[in-house]
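One structure below.
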Amino acid sequence: MVSWREELARRETGLAEEVARLRRQIGELTDQLVAQELRLSRLVITRETMAELFGEVDAGEPTVPGEPGGVEVGVHTRQAQPVSESARGIGLVLVPQRSAGADAAAVLPGDYCEILAVLAETGSGLRAGQVAAELGIAVTERSKVEGLRSKLKRLVERGWAVQQPSGMFTIAQ
């Protein structure tokens with residue numbers, strides 16, 4: 030037969046080991062929690078920065094994504110156009126598909142409106158370098174001209190402009 034003192038010591042040792050195991054587990058979980066909170070914080074900051082870059086920040090109440098206890102992000106964004114099946118990817122469609130009666134100034138970002146204004150001023154087509162010159166972009170800066178060419182092609186894809194086989198761009202009618 031075991032004495033009560035031996036039984037008490039056995040139980041005490043068992044519980045002390047269990048407490049030590051739980052403390053290690055809490056430490057591991059705390060480390061995991063800190064790492065995940067850091068990752069989440071970086072994603073929130075990235076989303077806020079991207080919203081600021083694209084002019085979508087609205088000074089309002091902070092949003093709380095997901096379920097209760099979510100993270101406050103402090104940014105409201107305007108309603109984004111859905112990504113079409115042909116334009117698969119991640120993010121917003123900044124240049125929506127042209128629809129009948131759509132006002133370019135109301136739905137397009139400012140730089141795209143400026144490009145369309147240049148195309149509208151000239152009755153005939155312009156090459157990307159000529160549009161760049163009209164916008165005050167130095168044609169010697171190839172990267173900027175190529176960026177403008179990408180915007181022109183995006184306007185063509187979405188029905189706002191037309192590209193002729195000769196490489197000339199015109200505004201869509």
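Each residue of the sequence shown is one higher than the one before, starting from 30 at the first, in the numbering used here.
C-beta: ideal position from N, C-alpha, C; glycine also.
Helix, strand or coil for residue i? Go by DSSP, reduced to three states.
i	result
Thr199	strand
Leu37	helix
Ala129	coil
Leu155	strand
Gly139	helix
Ile144	helix
Ala213	Nothing about residue 213 can be read from this structure; the chain reaches only from 30 to 202.
Val160	helix
Ala167	coil
Would residue i and residue j qualify as a contact pair, given that the criterion is a beta-carbon distance under 7 Å?
i	j	result
Ala161	Val174	yes
Ala133	Leu123	no
Gly188	Arg156	no
Gln202	Gly154	no
Starting from residue i, trace the beta strand (DSSP E) both ways and give me its first and last residue.
i	result
Val191	Ala190 to Gln192
Buried or exposed for residue i, please, with buried defined as at least 16 other CB atoms from any protein chain shown within 10 angstroms of its CB.
i	result
Trp33	exposed
Ile200	buried
Leu177	buried
Leu184	buried
Leu72	exposed
Ala80	buried
Leu67	exposed
Ala190	buried
Output the boundary residues of the alpha helix (DSSP H) element that contains residue i.
i	result
Leu179	For the record, residue 179 in the displayed sequence is Ser; it is not Leu. Per DSSP, Ser179 belongs to the alpha helix (DSSP H) from Arg171 to Glu186.
With 7 Å as the threshold, decide whether the Cβ of residue i is near any Cβ in chain D.
i	result
Gly196	No chain D is present in this structure, which holds just one protein chain.
Nearer than 6 Å: is that true of the beta carbon of residue i relative to any heavy atom of the ligand MN?
i	result
Leu148	No copy of the ligand MN occurs in the structure displayed, which carries no ligand at all.
Q. Whole alpha helix (DSSP H) runs in the stretch 31 to 82 with 4 or more residues, listed along the chain?
A. 33 to 82
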